[in-house]
Amino acid sequence: MLYRIVRWLLRLIFVPLGLKTVGLEKMPADGPIIIAANHVSMWDPFMVALALKRTVHFMSKDEIFKITPLGWLLNKVYVFPVKRGTPDTAAIKHSLTVLKEGNVLGIFPEGTRNREHEKLKPHAGMALFAIRSGAPVLPVAVTGTEHGIVCGWIWPLRVIVGEPLYFSGEQYKKAGSATLDEVSQEIMDKILDLI
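In structure tokens:
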């Protein structure tokens, strides 16, 4: 309920400010899906949530959950913590549960904000989730959030949705770390192509 209220309030601000969505018809209307987006600003999860019609369960660094009021609010809008730099089994289980229940999982595969659009190595977690769950990955690019002021009247403010990618074939069933890295890089390349 709170997610819908916050989303509605933010749409009242950002849609008039020029937020545009391109390719929304490529997103499946139901079933599990992994949203993989670039990350240049704290505004990116908001823009993705505003642009997509389905509720997105975002993974976010656990440090921000230590701020008590913020952590409480994030939990209420389906954001859950992940410990960076170590395999976080609780976050992995939660992510797979989100997908098993037919929901949308949101991930920023670079694992940190990348303001300069450098070619960072993506984390393999998203590939692991895609292979284990069979859920398609939807590459998404956010542009226009890298500026101090987020306003589509000054520079294009867009959420661009790419074609779903599937990694559920036989060749992925016994995927090792090299395959996970390859799949992650393929997804990241698709995101960068959209930018």
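Positions in the sequence shown are counted from 1; adding 282 to them yields our numbering.
Glycine is no exception: its CB is placed at the ideal position from the N, C-alpha and C atoms.
Backbone CA spacing between residue i and residue j [nearest angstrom]
i	j	result
V304	I442	5 Å
K455	H405	19 Å
D326	F390	9 Å
A412	V465	9 Å
M324	I295	16 Å
K382	P314	7 Å
A457	G300	42 Å
L364	C433	For the sequence presented, residue 364 should be read as Val rather than Leu. If you take the alpha carbons of V364 and C433, they lie about 30 Å apart.
L291	I469	31 Å
P298	P446	29 Å
T379	N385	9 Å
K348	V361	13 Å
I473	W354	31 Å
Buried versus exposed, by CB contacts within 10 Å (16 or more), residue i
i	result
I334	This sequence places Leu at residue 334; Ile is not what is there. That one is buried.
N357	exposed
P351	exposed
T427	buried
L439	buried
G444	buried
L332	buried
H429	exposed
M283	exposed
Helix, strand or coil at residue i according to DSSP, with G and I counted as helix
i	result
A417	coil
A412	helix
T337	coil
S342	strand
A460	helix
L306	helix
V489	Not covered by the structure: residue 489. The range shown for the chain is 283 to 477.
A319	strand
V465	helix
V330	helix
L299	coil
Candidates the options, of which the one nearest residue i by Cα
i	options	result
A318	L299, T461, Y448 and A457	Y448
H376	P298, K348 and S415	S415
W437	N385, A409, H321 and V424	V424
D370	D344, G353, L476 and L420	D344
I346	M408, R366 and T337	R366
A409	G451, I431 and G430	G451
Q453	E445, L462 and V288	L462
Q481	T337, F328 and P421	In the structure as shown, the chain starts at 283 and stops at 477, and residue 481 therefore has no counterpart that could be examined.
I477	I431, V361, Y360 and V322	V322
A372	L355, M341, K308 and P310	M341
K302	M283, Y285, V330 and I287	V330
A417	L355, I473 and I316	I316
L306	V359, L284 and R336	R336
D471	E392, A460, I431 and G407	E392
A311	F328, V338 and R289	V338
D475	G388, R286 and N320	N320
In the stretch 345-389, which residue ranges form an unbroken beta strand (DSSP E) of at least 3 residues, counting only runs that do not cross its ends? If only complete runs of 3 or more residues are kept, the stretch 345-389 shows the beta strand (DSSP E) at 362-364 and 386-389, in order along the chain.
Ignoring anything shorter than 3 residues, give me the beta strand (DSSP E) runs that lie fully in the stretch 425-452, in order along the chain. The stretch 425-452 is shown to contain whole beta strand (DSSP E) runs of 3 or more residues at 439-443, in chain order.
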